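For the record, the sequence lines run as chains A and B. Using this note's numbering, you'd call the opening residue of the first sequence number 364 and step up by one each time. Using this note's numbering, you'd call the opening residue of the second sequence number 11 and step up by one each time. Below you'll find the structure, written out as structure tokens, and then a few comments.
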Amino acid sequence: AQKVTQAQTEISVVEKEDVTLDCVYETRDTTYYLFWYKQPPSGELVFLIRRNSFDEQNEISGRYSWNFQKSTSSFNFTITASQVVDSAVYFCALSEALGKFYFGSGTKLNVKP
Amino acid sequence: NAGVTQTPKFRILKIGQSMTLQCTQDMNHNYMYWYRQDPGMGLKLIYYSVGAGITDKGEVPNGYNVSRSTTEDFPLRLELAAPSQTSVYFCAVSGTSTHEQFFGPGTRLTVL
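Below you can see the structure in the form of structure tokens.
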């Protein structure tokens with residue numbers, strides 16, 4: 364079974380639209396961490412956010428916001444007023460312990476001008 | 011500070027050849043990881059290390075070996091390259107408290 368599921372393989376939006384990337388995770392641990400990473404066309408992996416399982420507060424950073432809901436095992440990522448530079452593959456990841464790190468298959472976001 | 015460096019950036023191997031992918035960090039983190047990323051896919055953990063002298067298998071260890079003799083270095087060895095090992099390989103490090111991983115730039119390996 365997939366530990367991290369990103370059901371949206373690819374999303375295309377027009378610049379300035381809002382877009383939400385979905386992430387559903389599966390774990391039996393009570394302590395775990397969730398992450399989002401961005402992989403632009405250049406290929407590097409850029410860390411965006413980390414949440415631990417005890418902190419369900421939503422977070423906003425500029426145009427980015429994250430909605431963590433333990434009841435539905437989801438950790439969704441919203442980009443407000445998308446820009447062309449947001450075009451990338453976005454990965455959600457789960458860490459149950461320091462040696463147990465699982466990535467989703469990624470969502471490719473295309474932002475068109 | 012260079013962070014996490016990987017060499018080489020690109021490599022083409024013939025079936026059956028061997029090679030070592032190098033990973034070096036100057037962040038003084040204990041935990042190091044090797045991942046592979048196949049085209050259009052997410053990352054899969056190959057091996058990880060919690061400190062010098064200690065390594066353990068991840069999800070997809072077959073065909074690979076690792077060693078960790080120092081905090082800074084975590085080389086990944088391919089002994090008998092196969093086309094199925096064509097992938098981009100990422101090395102990552104993390105501290106003990108945050109779980110946040112910092113990635114190297116990757117090595118693109120093609121086995122023909």
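Where a beta carbon is used, it is the ideal one built from N, C-alpha and C, also for glycine. No experiment lies behind these values; they were computed from the predicted model shown.
### Task
For the beta strand (DSSP E) containing residue 29 of chain B, list its first residue and its last residue.
For the purposes of this step, residue 29 of chain B is taken as residue 19 along the second sequence, with counting starting at 1. Following the DSSP letters along the chain, one finds residue 29 of chain B inside the beta strand (DSSP E) bounded by residues 29 to 35.
### Cross-strand partners of residue 385 of chain A (DSSP beta bridge)
Here the question's residue 385 of chain A lines up with position 22 in the first sequence. Beta-bridge pairing links residue 385 of chain A to no other residue.
### Message
Against chain A, with Cβ distances strictly below 9 Å, would residue 116 of chain B count as a contact?
### Response
The count along the second sequence starts at 1 and reaches residue 116 of chain B at position 106. Between residue 116 of chain B and chain A, the shortest Cβ-Cβ separation is below 9 Å.
### Query
Between residue 470 of chain A and residue 452 of chain A, which are expected to be in contact by the criterion C-beta below 8 Å, what is the C-beta distance as a whole number of angstroms?
As a working note, residue 470 of chain A is residue 107 in the first sequence. As a working note, residue 452 of chain A is residue 89 in the first sequence. About 7 Å; that satisfies the 8 Å criterion.
### Message
In this structure, how does DSSP classify residue 433 of chain A when only helix, strand and coil are distinguished?
### Response
By 1-based counting over the first sequence, the position of residue 433 of chain A is 70. The answer is helix: DSSP assigns residue 433 of chain A an H, G or I state.
### Contact set between residue 99 of chain B and chain A, taken where Cβ atoms lie within less than 8 Å
Locating residue 99 of chain B in the second sequence gives position 89, counting from the first residue. Listed by position along chain A, the residues whose Cβ is nearer than 8 Å to that of residue 99 of chain B form an empty set, because the closest Cβ is around 12 Å away.
### Near-chain B residues of the stretch 401 to 432 of chain A - C-beta to any C-beta below 7 Å
Of all residues in the stretch 401 to 432 of chain A, only 406, 407, 408, 410 and 413 place a beta-carbon less than 7 Å from a beta-carbon of chain B.
### Query
With burial defined as no fewer than 16 other Cβ atoms inside 10 Å of the residue's Cβ, what is the status of residue 394 of chain A: buried or exposed?
Taking the first sequence and counting its residues from 1, the one referred to as residue 394 of chain A is at position 31. Its Cβ having fewer than 16 others within 10 Å, residue 394 of chain A is exposed.
### Message
Can you list, in chain order, the residues of its chain with a C-beta nearer than 6 Å to that of residue 379 of chain A? Leave out the 5 residues immediately preceding and following it.
### Response
To locate residue 379 of chain A, count along the first sequence from 1; it is residue 16. Answer for residue 379 of chain A: 444, listed in chain order.
#### Entry: At least 3 beta-carbon pairs within less than 8 Å: the stretch 93 to 108 of chain B vs the stretch 36 to 45 of chain B
Contact holds: three or more Cβ-Cβ distances are below 8 Å.
### Task
Leaving out five residues on either side along the sequence, give the residues of the same chain with a beta carbon under 6 Å from the beta carbon of residue 475 of chain A.
Taking the first residue of the first sequence as 1, we reach residue 475 of chain A at position 112. In its chain, beyond the 5 residues on either side, 377 have a beta carbon closer than 6 Å to the beta carbon of residue 475 of chain A.
### Task
Can you give me the Cβ contacts of residue 54 of chain B inside the same chain, cut-off strictly under 7 Å, excluding the 5 residues immediately before and after it?
For this step, residue 54 of chain B is matched to residue 44 along the second sequence. Excluding sequence neighbours, residue 54 of chain B sits near 45, 46, 69 and 70.
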